[in-house]
Amino acid sequence: DDRNRTLKKHQVIVTCIKSMMKAKYGRVVLISSVVGLYGSPGQVNYAASKAALVGFARSMTRELGSRGITTNVVAPGFINTDMTKALPQAQQEQYLASIPAGRFAQPEEVASAVAWLASDESGYISGAVIPVDGGLGMGH
């Protein structure tokens, strides 16, 4: 369930952070969802678990920022995957109509955001949430 997955992420991150603290350097990038930022009917557990990652990242930033460790979140919207392709056409059209970009993201676009946050180029970015959502959730 979503709660257990969230707790397992915490355990993995805490384990990894030990070596980052020794090195005085590290990048943590969590994958959330725009649903964790603005909610969605019928998805209370999912939204809460994704919102928890934002709070986790911001708390870790305050705790570990002085040790050279950044913690950020990527919050994808709808992604062009087998899951979205399996949605009924009418539902796909409804979702697309709510996205200012007028399309679903490609998986590579999410990967690029993650790669940038994991790089030295983003070394002064921490505690941030980067929505990769084509403008779906403007104003997070």
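The numbers in my numbering rise by one with no breaks, and the one at position 48 of the sequence shown is 1200. We treat Cβ as the ideally placed atom computed from N, Cα and C, and that holds for glycine. Only a predicted model underlies this, so the values are computations on that prediction, with no experimental measurement involved.
Residue i, DSSP secondary structure in three states
| i | result |
| --- | --- |
| Thr1233 | coil |
| Ile1277 | coil |
| Ile1221 | strand |
Backbone CA spacing between residue i and residue j [nearest angstrom]
| i | j | result |
| --- | --- | --- |
| Ile1169 | Ala1175 | 10 Å |
| Ala1199 | Arg1219 | 30 Å |
| Lys1202 | Thr1167 | 20 Å |
| Phe1256 | Arg1210 | 28 Å |
| Thr1213 | Gly1275 | 12 Å |
| Gly1279 | Leu1239 | 33 Å |
| Gly1217 | Ala1242 | 45 Å |
Heavy atom of the ligand ATP within 7 Å of residue i beta-carbon
| i | result |
| --- | --- |
| Leu1159 | For the ligand ATP, the structure offers nothing, since it holds no ligand at all. |
8 Å contact criterion, which residue i and residue j should meet: CB distance rounded
| i | j | result |
| --- | --- | --- |
| Val1180 | Thr1222 | 7 Å |
| Val1262 | Val1206 | Incorrect: roughly 16 Å between the Cβ atoms, too far for contact. |
| Leu1364 | Ser1250 | Lying before the first or after the last residue shown, residue 1364 is absent from the chain, which here runs from 1153 to 1292. |
| Ile1231 | Pro1259 | 6 Å |
Identity of the residues DSSP links to residue i by a beta bridge
| i | result |
| --- | --- |
| Ala1257 | Ile1231 |
| Leu1205 | Answer is none; Leu1205 lacks a bridge partner. |
| Pro1283 | Ala1227 |
| Leu1248 | The partner list for Leu1248 (beta bridge, DSSP) is empty, contrary to what the question assumes. |
| Arg1179 | Thr1222 |
Cβ pair residue i, residue j closer than 8 Å
| i | j | result |
| --- | --- | --- |
| Pro1252 | Gly1286 | yes |
| Val1187 | Gln1195 | yes |
| Ile1183 | Asn1224 | no |
| Gln1246 | Thr1236 | no |
| Arg1270 | Val1284 | One point to set straight first is that residue 1270 is Ala, not Arg, in the sequence displayed. No, Cβ-Cβ distance for Ala1270 and Val1284 is not below 8 Å. |
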